[in-house]
Structures are given as C-alpha cells and as structure tokens.
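In the numbering used here, the protein residues as written are 3 to 118.
Glycine included, C-beta positions come from ideal geometry on N, C-alpha and C.
Just so we're clear, the structure is a prediction, and the values are computed from it rather than from any experiment.
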C-alpha cells in the first residue's frame, strides 16, 4: 500500500464524483497518486486498511446492482471483503487518503477537509 502520508485518490474514471474530486486535487496544484482500483484491484491488506477508516455501510456501495445480484450482506464482512477483491465496483468512490486519514468524496468538496 502507499505510504500513509502520501496524498492518494482511489479513482473510478467513469464516476462523475470521482472526476470532480480529481479536478479539485489538480486545481489545488497538489502532488498525488491516482489509483484506478478497477484496473489495478487492491490486495486484501490494502482493502482492509482502507475499509478501516469507515463504517462498513459507508465503504460499500450497497445500491450497486452487483451487491444485490450476488446476494451480499453487510453482516458478513470477511466474506464481503473477499468478494470485493473480485468486484471492486462495490467500493465507494472516490476515496482520498492523506496523513493517516481518509474521506469519501461525496460530495467531492468533502475531500478539502483533509487539508484543514
């Protein structure tokens, strides 16, 4: 996983909120790493670390069609995280991490709180 101090965005280019968050970071002139987690899936350790910043219900896209199609439940976290390794679309986005903190950018402006 990245150095916990590094500014990183877990990005889905197809998501308008993720693109807006990316624009915010670029407009601030910050150096950051972009992880397109759909093309470069996270390891279980990375996923577990990222999940640790959030309530499970906030971290998982329970309204995603795949969540329903696969009959998943928030009550079986270990099983859910294993499925998310193969179905990264289930991870909420965008997520921005910086200095041992993380924020889900919904709305995208929320990521600015990382710099206060």
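Rounded C-alpha distance that separates residue 18 from residue 93
Going by the C-alpha atoms only, they are around 15 angstroms apart.
By Cβ distance, which residues of its chain are closer than 6 angstroms to residue 95, with the 5 residues on each side in sequence left out?
Hits under 6 angstroms: 14, 17 and 20.
Anticipated Cβ contact below 8 angstroms, residue 87 with residue 58, distance rounded
A Cβ-Cβ separation of about 15 angstroms leaves residue 87 out of contact with residue 58 under the 8 angstroms criterion.
Under the three-state DSSP convention, the category residue 10 falls into:
DSSP places residue 10 within a strand segment (E or B) once states are collapsed to three.
Can you list, in chain order, the residues of its chain whose CB lies under 8 angstroms from that of residue 35, leaving out five sequence neighbours each side?
Closer than 8 angstroms at Cβ, skipping near neighbours: 4, 8, 9, 10 and 11.
Using the C-alpha atoms, what's the distance from residue 103 back to residue 52?
About 10 angstroms.
Would you kindly work out how many angstroms separate the C-alpha atoms of residue 64 and residue 115, rounded to a whole number?
Cα to Cα, the separation comes out at about 25 angstroms.
Close-in-space but distant-in-sequence residues of the same chain around residue 27 (CB under 8 angstroms, 5 per side omitted)
9, 11, 34, 98 and 113.
Please classify residue 74 as buried or exposed, where buried requires at least 16 neighbouring CB atoms within 10 angstroms.
By the neighbour-count rule (16 or more Cβ atoms within 10 Å), residue 74 is buried.
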